[in-house]
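Asks: If you read the protein sequences in the order shown, they are chains A and B. The first sequence begins at 469 in my numbering and counts up one residue at a time. The second sequence begins at 16 in my numbering and counts up one residue at a time. For every residue, glycine included, the Cβ atom is placed at its ideal position computed from N, Cα and C. Only a predicted model underlies this, so the values are computations on that prediction, with no experimental measurement involved. Once you've had a glance at the structure underneath, I'll fire off some questions.
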Amino acid sequence: MDTFFAKNRLSAYLDGALPEGETAEVSAAIERDPALKAEYDQLRMAVAALRRHGPVSAPEGFSARVMAAVEAEPGQQGVVVQFRRFFARVPVEALAVAAAAVLVVFAAGSQLGGDSPSEPALAKAPPPPVATDPAVPPVADAPSESRPAAAPERGETLGGSAEQPPDLANAAPSVLPQQASPKQIAMPAAQGNAYVPEWEGDNAQQDTSFGGMEGLTLSVSDPEVMQKLYMLAESHGGRMLDEANQPLRPYELSASDPVARVLLLVPVDRASGLRAQLQSFGARAGGPVGAGPTLAAGNSGFFLQLELLE
Amino acid sequence: MLLSVLHGPADQDLVRRVQQGDSEAFGQLVLRYQDRIYTVCLRQLGDRALAEEVAQDVFLSAFRAMGNFRGEAKVSTWLFRIAINQCKNQKLYHRRRARGRHEPLEGRPDPDRPAREFAHPGRAPDAGVHKSEAERLVAEALEELEPDYRSIIVLRDVEDMAYDDIADALGIAKGTVKSRLHRARSQLARILSRNLKPEDVL
Numbered sequence: 469m470d471t472f473f474a475k476n477r478l479s480a481y482l483d484g485a486l487p488e489g490e491t492a493e494v495s496a497a498i499e500r501d502p503a504l505k506a507e508y509d510q511l512r513m514a515v516a517a518l519r520r521h522g523p524v525s526a527p528e529g530f531s532a533r534v535m536a537a538v539e540a541e542p543g544q545q546g547v548v549v550q551f552r553r554f555f556a557r558v559p560v561e562a563l564a565v566a567a568a569a570v571l572v573v574f575a576a577g578s579q580l581g582g583d584s585p586s587e588p589a590l591a592k593a594p595p596p597p598v599a600t601d602p603a604v605p606p607v608a609d610a611p612s613e614s615r616p617a618a619a620p621e622r623g624e625t626l627g628g629s630a631e632q633p634p635d636l637a638n639a640a641p642s643v644l645p646q647q648a649s650p651k652q653i654a655m656p657a658a659q660g661n662a663y664v665p666e667w668e669g670d671n672a673q674q675d676t677s678f679g680g681m682e683g684l685t686l687s688v689s690d691p692e693v694m695q696k697l698y699m700l701a702e703s704h705g706g707r708m709l710d711e712a713n714q715p716l717r718p719y720e721l722s723a724s725d726p727v728a729r730v731l732l733l734v735p736v737d738r739a740s741g742l743r744a745q746l747q748s749f750g751a752r753a754g755g756p757v758g759a760g761p762t763l764a765a766g767n768s769g770f771f772l773q774l775e776l777l778e
Numbered sequence: 016m017l018l019s020v021l022h023g024p025a026d027q028d029l030v031r032r033v034q035q036g037d038s039e040a041f042g043q044l045v046l047r048y049q050d051r052i053y054t055v056c057l058r059q060l061g062d063r064a065l066a067e068e069v070a071q072d073v074f075l076s077a078f079r080a081m082g083n084f085r086g087e088a089k090v091s092t093w094l095f096r097i098a099i100n101q102c103k104n105q106k107l108y109h110r111r112r113a114r115g116r117h118e119p120l121e122g123r124p125d126p127d128r129p130a131r132e133f134a135h136p137g138r139a140p141d142a143g144v145h146k147s148e149a150e151r152l153v154a155e156a157l158e159e160l161e162p163d164y165r166s167i168i169v170l171r172d173v174e175d176m177a178y179d180d181i182a183d184a185l186g187i188a189k190g191t192v193k194s195r196l197h198r199a200r201s202q203l204a205r206i207l208s209r210n211l212k213p214e215d216v217l
């Protein structure tokens, strides 16, 4: 093993992360090359210094301050409790009508499927609900025995799909997510962010409309594009967030940081105007929807991948 | 069973309880991870007041997003990922603010100033640690690294995370973790060697 090869493996060697054969070769190279040994000692020193002097303790009272902030959160009783409460407020009649409608559609689909020998009826059955997803509480958790089936049905009816909602929390931020339906709708139980629909609010009964999330890609040569989108969102009564649903301050794209993902969140009735403007800027369909933020009730979202052209 | 007696409930069990509305379980998660998350924020931002604020935001964001957590990543990795992202956003915001393009953010110190809090410890809990000259040198050396290098070296050498978990937290390939970590360590070693000798720390 030559020195260059060994030099590039010093860090992994230090971590014991090399295959056995390479470990022996790097050891031998360090033994015979004083310059390499000096470099290895410097690395060891840096790592030792970090391990010894890097960790610190949180300030006194930190956890108490966090918990005080948590207690002040509207969702402090937990998403499951929120979810139960939501279904407790939906009239039983409405759920019965919705369930009946699903049954009628299903029955009609089965009948149509039965007419075609090449297309079995089962092929038209709706996809299974996502009730096993921890983000969606089990049906048995529902407070009323007469309402449990509503959870999966709600997702299918609104979203037209039983796909799981975008999972911002589990998504690796720098990995482009797989494409998903551009009209994918987040179920309320998955609203784990600052913009969770407020079931306790005055409009809790009426506020059942969920806007869609569209994924778009915008390739531009203007590094200030984020600033313009920020103002555009504001002019449509909306705001700009990052993929973790946190308010995002615009910054300049650069050659070293040429890609960004932003969510423009606007009221549903302003979405078409914003879409038209985004399209006039050259935004094209297809973007990072799958792992994007979830939506609050009454809002539409445009999840944009911004790419700075060279 | 034995593990749970020794170390308390597993992270996943605590998450499940939080998802069922048990905010006390979330308190246990905060206690379990507060030092590590605060450390990551401090080493990323270089300012203790800002680090505390961001670390609190990390836990709040985690609490809000807990309903989405399906256990595909470790809880620790998930928290570190949120922390790294929040720190990155803070840096970008303050960098921009320093250029005068944004409204002032009241009460927050400017992390871009050259004199870091490490040289002026003000808080009691970790003030003793910062008295060390070696610690000051380490903190200043970290400040000189590029943000991506700083993230990876803090996760690996301060938080002792495995390569796979770092890859997951940063959203990069394991091979990238290895190569970036090597460059980060080499750069840090060069900076530290100006003022620190191996015998000071080894």
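(1) Please determine, among A:E541, A:S531, A:L482, the residue with the shortest C-alpha to C-alpha distance to A:E507.
(2) Could you check the C-alpha separation between B:P162 and B:Q59 for me, to the nearest Å?
(3) Looking at the structure shown, is A:P715 part of a helix, part of a strand, or coil, going by DSSP?
(4) Could you name the residues of the same chain whose beta carbon sits closer than 6 angstroms to that of B:T92, not counting the 5 residues immediately before and after it, in chain order?
(5) What would DSSP say about A:R707, mapped onto helix, strand or coil?
(6) For the alpha helix (DSSP H) that contains A:F473, what are its first and last residues?
(7) Grab me the residues of B:E159's own chain with a C-beta within less than 7 angstroms of its C-beta, minus the 5 sequence neighbours each way, in chain order.
(8) Just to confirm before moving on: does the CB-CB distance between A:L746 and A:L684 stay below 8 angstroms?
(9) Since B:V45 contacts B:F74 with CB under 8 angstroms, what's their CB separation in whole angstroms?
(10) Count the other CB atoms within 10 Å of the CB of B:D175; is the residue buried (16 or more) or exposed (fewer)?
(11) Okay, do the segment 524 to 540 of chain A and the segment 185 to 196 of chain B touch, 3+ Cβ pairs below 8 angstroms being the bar?
(12) Let me know the alpha helix (DSSP H) ranges lying completely inside the segment 134 to 213 of chain B, each 4 residues or longer, listed in chain order.
(13) If contacts are defined as beta-carbon pairs under 8 angstroms, then A:V736 and A:S703 qualify, I think. What distance do you get, rounded to the angstrom?
(14) Can you give the Cα-Cα distance for A:G706 and A:T471, rounded to whole angstroms?
(15) Of all the options B:L170, B:D50, B:L57, which has the alpha carbon lying nearest to the alpha carbon of B:R96?
(16) Hey, quick one: how far does the beta strand (DSSP E) through A:L732 stretch, first residue to last?
(17) Tell me, please, whether the segment 23 to 37 of chain B touches the segment 73 to 89 of chain B by the rule of three or more beta-carbon pairs shorter than 8 angstroms.
(18) Mind checking the segment 696 to 714 of chain A against chain B and listing, in chain order, the residues whose C-beta falls within less than 7 angstroms of any C-beta there?
(19) Look at A:Q510 and B:S208 and say whether their C-beta atoms are less than 8 angstroms apart.
(20) Can you check DSSP and say which residues form a bridge with B:N104?
(21) Answer with yes or no whether the minimum CB distance from A:R729 to chain B is below 8 angstroms.
(22) Residues of chain B with a CB under 8 angstroms from the CB of A:R743: which are they?
(23) Helix, strand or coil, according to DSSP, for A:A514 in the structure here?
(24) Residue range of the alpha helix (DSSP H) that B:V69 falls in?
(25) What does A:N767 pair with, by DSSP beta-bridge criteria?
(26) Please state if the CB of B:Q101 and the CB of B:V69 are separated by a distance shorter than 8 angstroms.
(27) Determine the direct distance from the alpha carbon of A:E493 to that of A:A723, and round the result to whole angstroms.
(28) Starting from the Cα of A:H521, find the closest Cα among B:F78, B:S201, B:V55 and give me that residue.
(29) Taking C-alpha atoms, which residue in B:F78, B:V90, B:S166 lies nearest to A:V538?
(30) Since B:E39 is in the alpha helix (DSSP H), which residue starts that stretch and which ends it?
(31) Mind checking which residues open and close the beta strand (DSSP E) that includes A:G683?
(32) Whose CA, out of B:K193, B:E155, B:S38, lies closest to the CA of A:A540?
(33) Once the 5 residues before and after A:L716 are set aside, which same chain residues still bring their CB inside 7 angstroms of it?
(34) Is any beta-carbon of chain A found at less than 8 angstroms from that of B:L29?
Replies: In short, the structure shows the following:
(1) The shortest C-alpha separation from A:E507 is found at A:L482.
(2) 7 angstroms
(3) strand
(4) D180, D183, A184
(5) strand
(6) A:F473 -> alpha helix (DSSP H) spans 471 to 475.
(7) I206
(8) The answer is yes: Cβ separation under 8 angstroms.
(9) In this structure, B:V45 and B:F74 form a Cβ contact; the two beta carbons are roughly 6 angstroms apart against a cut-off of 8 angstroms.
(10) exposed
(11) no
(12) 139 to 142, 148 to 159, 162 to 168, 178 to 185, 189 to 207
(13) Incorrect: roughly 16 angstroms between the Cβ atoms, too far for contact.
(14) 57 angstroms
(15) B:L170
(16) 727 to 735
(17) yes
(18) D710, A712, Q714
(19) yes
(20) Answer is none; B:N104 lacks a bridge partner.
(21) It does not; no Cβ of chain B falls within 8 angstroms.
(22) Neighbours of A:R743 in chain B, taken as residues whose beta carbon is under 8 angstroms from its own, are absent, since the nearest beta carbon is some 26 angstroms off.
(23) In the structure shown, A:A514 sits in a helix (DSSP, three-state: H, G or I).
(24) 63 to 80
(25) A:P735
(26) yes
(27) 39 angstroms
(28) B:V55
(29) Checking every option, the nearest Cα to that of A:V538 belongs to B:F78.
(30) 38 to 60
(31) 681 to 688
(32) If we check each option's Cα against that of A:A540, B:S38 comes out closest.
(33) M708, L709, D710, V730
(34) no
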